[in-house]
Every structure is written in C-alpha cells, then in structure tokens.
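Peer 1:
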Amino acid sequence: MAEMWVNFGPQHPFTHGLWRLKVKVDGETVTDVEPTIGYLHRGVEKIAENRTWHQFIPYNDRLCYVASIAWSEGYVSSVEKLMEIELPERAKYLRTIAFELQRIASHFVWLAAYSIDLGNFTAMLFAVREREFILDLLARLTGHRMTYNYPRFGGVARDAPIGWTDRLVRNLNRVERKMRDFIDLMVENETFLRRVRGVGVLPQSK
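Take a look at the structure:
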C-alpha cells in the first residue's frame, strides 16, 4: 500500500483542539509526523501585565483544567522564590496533598480517554467514577471541584475542614481497592491486550 498523509486536528476529536498532526502512514503504521502546536494560546502573559500578583493566581488554574493546581503552584512557588518566602510546615503538607490528589485525578482522565479510544467503555466509566471520589476531596479542601485557586503566596487559601482527613483516608482506601477493576478490565483482559500488543512499538534505532 502506498504511503499517504492524514490530517488530525485541530478540530479532530482526537486532538481536543490543542494541536494539529500531519501524519504519514503506510497502512496502519505511522512513518512520519509533523506536529503544529500553539492552538491553545490564550495570551495569559499579556493578561498578567494588567493584573496584580495576587489577581493573576486564578488565571493559572485555567491554563489546564485536568491538572489546574499544578499551574498555579508553578506561578506561586516562582514568586515565593523571588521573594525568599519560606512556607509554614502545615502549608507545605496541605499543598503536597492537594497536588497529589490532583495528580491522581488527572491520571483518571487519561485512563478514561485511553479506555474509550480503545473501545473499553466500562473501564472509562470506572475511571470517571473513581475520579469523582478524588474531586470530592479537592472540593471540600479548596471549595471547588476544578480550577481551585488554592495556593497563595506563603501558604494556601484555607485550612483543611474538620473531618476532612478522615474522608481523605476513606476515599483513598476505596480508590485503591477499586484499582483491581482496571487490572481485570485492562492488564489481564485478553481482548484489550490484543488491541494494544505490538502497537506503537519503536525499534531501538529510533
């Protein structure tokens, strides 16, 4: 079969409007890719010029809804280093816990998207279900399910509410138990394995 070029995006469902891929394929084998990025540019640097240091914190959350707290942390911690601000110990712990919860929630997003792309609808539903238990914790801690506006220069916006740590342990224990579902549906599922085994493997020379 002759090689051909195929366009993905920026409007293609696969790219979510973030980029364009010009893909060269030989049958079902990708032989070359020409990416074009920058479709998500929002001019935030220019916006920052017209905001105070504190006013710009929530803008960072909106750069990426999947892991929004990581973006605001990058901004806040950079300013803290410039100003030589030392965080209180409790604020360090609260930030770290919030970041780790966000990381888990973001992993469930890619797992859900990956599952549905491979036709595993049940695994997608399970990933979305477990993500809700993580978002519940973040909502109770920060006041928001997404775009949290939680880090502050020198600390965090608010302390953990009463009873939150008990819920944290309970929800995380539940999510850990439910990870067995993904092993059954993916890692040990022969139908799923046949769809991914040997796909996307690059030779060592590449």
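Residue numbers for the sequence shown follow our numbering, beginning at 4 and rising by one.
Even for Gly, the Cβ is constructed at its ideal location relative to N, Cα and C.
None of these values were measured; they are calculated from a predicted model.
Classify Lys111 as helix, strand or coil using the three-state DSSP reduction.
Peer 2: The amino acid at residue 111 is misidentified as Lys; the sequence shows Phe. Helix at Phe111.
Peer 1: Would you decide whether Asp169 is buried or exposed? Buried here means 16 or more other CB atoms lie within 10 Å of its CB.
Peer 2: The residue is exposed, with fewer than 16 neighbouring Cβ atoms inside 10 Å.
Peer 1: Are Ile72 and Ile107 close, meaning C-beta to C-beta below 9 Å?
Peer 2: Contact flag unset, no.
Peer 1: Could you say if the segment 146–159 and the segment 69–84 meet the contact criterion of at least three C-beta pairs nearer than 8 Å?
Peer 2: Yes, the segment 146–159 touches the segment 69–84.
Peer 1: Would the beta-carbon of Val210 fall within 9 Å of that of Tyr62?
Peer 2: An answer regarding residue 210 cannot be provided, because it is not within the stretch 4 to 209 covered by the chain.
Peer 1: On the premise that Phe129 lies in contact with Phe185, defined as a C-beta separation below 8 Å, what is that separation, rounded to the nearest angstrom?
Peer 2: Going by Cβ atoms, the distance from Phe185 to Phe129 rounds to 7 Å, so yes, they are a contact pair.
Peer 1: Over what stretch of residues does the beta strand (DSSP E) that includes Arg23 continue unbroken?
Peer 2: 23–29 is the extent of the beta strand (DSSP E) around Arg23.
Peer 1: Rounded to the nearest angstrom, what separates Glu52 and Thr145 at their Cα positions?
Peer 2: Answer to the nearest angstrom: the Cα atoms are 27 Å apart.
Peer 1: For the beta strand (DSSP E) that Glu37 lies in, which residues bound it at each end?
Peer 2: 32–39 is the extent of the beta strand (DSSP E) around Glu37.
Peer 1: From the beta carbon of Ser118, is the nearest beta carbon of chain C less than 9 Å away?
Peer 2: No chain C is present in this structure, which holds just one protein chain.
Peer 1: What residue does the beta strand (DSSP E) around Val69 start on, and which one ends it?
Peer 2: Note, Val69: premise wrong, no beta strand (DSSP E); not H, not E.
Peer 1: State the CB to CB distance for the pair Leu140 and Leu196, rounded to an integer number of angstroms; the pair is presumed to be in contact (CB under 8 Å).
Peer 2: The Cβ separation is near 33 Å, so there is no contact.
Peer 1: Just the C-alpha distance for Lys25 and Gly166, rounded to the nearest angstrom, thanks.
Peer 2: Cα to Cα, the separation comes out at about 51 Å.
Peer 1: Please name the residue in Pro91, Thr99, Arg134, Asp120 whose C-alpha comes closest to that of His110.
Peer 2: If we check each option's Cα against that of His110, Arg134 comes out closest.
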